[in-house]
Each structure stands twice: as structure tokens, then as C-alpha cells.
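Here's the structure we're looking at; comments come further down.
Numbering (full-length UniProt numbering), first residue to last: 1 to 272.
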């Protein structure tokens, strides 16, 4: 029990660090927002802006100065296998939803997690334009702007609101079950945590999302009483050699029992 208390305290201290860093990162990103930042196209054909790079550098310096023994995995940093031998690893998406950021959208986020034993133990997800700070620590619950989060326990797919690829929502078993398409939320991390506030009931994601897209949101959803699972209904594992994941869903637990059997037959778009 004493060891669990020490771990819980450490997770909470990491949560506080991540929250402070995410807020600072959001303030930095806002200096570029709606100001025509420089944009490049990466090898995977996704965009990256000078804001992504600036935030990544700031978080790298800020977080590793505070926790020099932690590993590092970020969308905008070159990866190496050093992190695989670290007990704890920062998993970072400097700006999740870069296309929304470029277009002046409001749903982009700063996503930061600490991963231990392949699972997130502390998280902060900040949507600066919306003024929304989501945080969580393992066994410590989730909060939005200081208020506890609890996933609504909807049990029926009929009229459940679903955000994700339209191909998976508008045709096939979900359509026949009577779900309502919410639309496509361009920040995957934000899409996932929307189930914790009841804004949507199910979030879907196609294959090849990476650790940095998911780790923070995963813990926030879990600590709010929800779940994030892959196509085989398995819990996600982080800080592996391969950082990519299969098709995913997030929901409250009762709805998860309804959607899990459908995941293998849903038609998700492939990446270009």
C-alpha cells in the first residue's frame, strides 16, 4: 500500500508538471495562430508548421530539465531506441490537429503524457483557443478545468453520437444501428476526450495513429470511466519499437460492449 501511495504521489506530481508545460506550450503556439505561420510537408504528406517545431523544442527543454531521467518520444523529434530502456517516457504531440491550426480552427491541442510500463500514468491535453485543460493521473481521476470528469453511461447505439471517418459511420452496421454522425474532429486526441464530457458518445480512428496522438487522451478517458480499445478490443500498449496502432474506438464501458463486436467489420478509410 505504501508503495502504491508513493507511485500515486509521483503520478500526480508528473500531472502537475505536464499541466504547467502544456499551458506554456499553448501560450507559445498562440503566438503563431492566425498569423500565417511557415508550413512544410513531411515525408508522410502531413503538414508541420514553425509553431509545431517551436513548441516541440520548448517542451523538450522544459520537461527533460525537470525529469532528466525520463525518455522522450515526440511527433516532431527524431526517434531513437534510447526511450525503450527508460522506466518513464514523455510522449508528446506539440500540436495535435495541425491542419485545424493552419486553418484557424479551434480544436487543436497540446498533448503530453508520461508512459510507464507501456501505459500512460500522467496526462495533460490543452486546447488553448477553447480554454480547456484536461488532466489525469493513474488512479487519480480526470479533470477538465479542475472539475471531475465522468463518462455518461449510455448503453444503446441508437442515436449515439459518433465522431470519426464518415465511411465507418454512414454505411454498414453503425448506420443500421441508428447512430448519429457528429462530424470529423481534426484533432484525434480532442476527439477521444470529447466522450468524457458527453459531447459525443463514440470516437473512432482509422489505423496508423501514433503513440503521441493517443497516450494522453487514453489516460483521460480511462480515468473518467471510459475506454479506448483497438480493433481486437485490446488495451493499447505504448513506447514500443512500432509506435503505430490499429483502428480504434473510445466510448463509455456499456457502449463499448455494443461497438466492440462491430469493429472488425467497420470500413475505415486507408491512409494515402
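We put the beta carbon where it would ideally sit given N, CA and C, even for glycine.
These numbers were taken from a predicted model, which means no experiment stands behind them.
Cβ neighbours of residue i in the same chain (closer than 6 Å, five flanking residues each side left out)
i, result
"residue 2", "Confidence in residue 2 is poor, its pLDDT being 46 and thus under 50, which makes the residue's placement unreliable; the coordinate value appears in the next sentence. Cβ within range, chain order: n/a, list empty."
"residue 50", "37, 38"
"residue 134", "125, 144, 193, 220"
DSSP state of residue i mapped onto helix, strand, coil
i, result
"residue 9", "helix"
"residue 198", "coil"
"residue 264", "helix"
"residue 236", "coil"
"residue 179", "coil"
"residue 80", "coil"
"residue 62", "helix"
"residue 148", "strand"
"residue 244", "strand"
"residue 108", "coil"
"residue 191", "helix"
"residue 17", "helix"
"residue 2", "Low local confidence applies: a pLDDT of 46 at residue 2 is under 50, so the model's placement there is unreliable, with the coordinate-based value given in what follows. Three-state DSSP puts residue 2 in a helix."
"residue 33", "coil"
"residue 38", "coil"
"residue 159", "coil"
"residue 230", "strand"
"residue 170", "coil"
"residue 71", "strand"
"residue 217", "helix"
"residue 154", "coil"
"residue 119", "strand"
Supposed close pair residue i, residue j - CB separation, criterion 8 Å
i, j, result
"residue 100", "residue 192", "15 Å between Cβ atoms; not a contact."
"residue 29", "residue 128", "6 Å"
"residue 25", "residue 73", "That pair is no contact at about 16 Å."
"residue 160", "residue 255", "6 Å"
Residue environment, residue i, which counts as buried when at least 16 other CB atoms sit within 10 Å
i, result
"residue 273", "The shown model of the chain, from 1 to 272, leaves out residue 273, and the question about it has no answer."
"residue 147", "exposed"
"residue 15", "buried"
"residue 234", "exposed"
"residue 44", "exposed"
"residue 324", "With the chain represented from 1 up to 272, any question about residue 324 goes unanswered, as that position is not in the structure."
"residue 270", "exposed"
"residue 91", "buried"
"residue 120", "buried"
Test item: CB-CB of residue i and residue j under 8 Å
i, j, result
"residue 12", "residue 140", "yes"
"residue 216", "residue 84", "no"
"residue 226", "residue 267", "no"
"residue 174", "residue 162", "yes"
"residue 265", "residue 164", "no"
"residue 248", "residue 228", "yes"
"residue 107", "residue 185", "yes"
Other residues of its chain near residue i: CB distance less than 8 Å, five sequence neighbours each side excluded
i, result
"residue 131", "145"
"residue 246", "207, 230, 231, 232"
"residue 53", "76, 94"
"residue 8", "137, 138, 139, 140"
Contact set for residue i: own chain, Cβ-Cβ below 7 Å, skip 5 residues either direction
i, result
"residue 41", "47"
"residue 86", "70, 71"
"residue 21", "59, 62, 63, 112"
"residue 224", "142, 149, 150, 151, 196"
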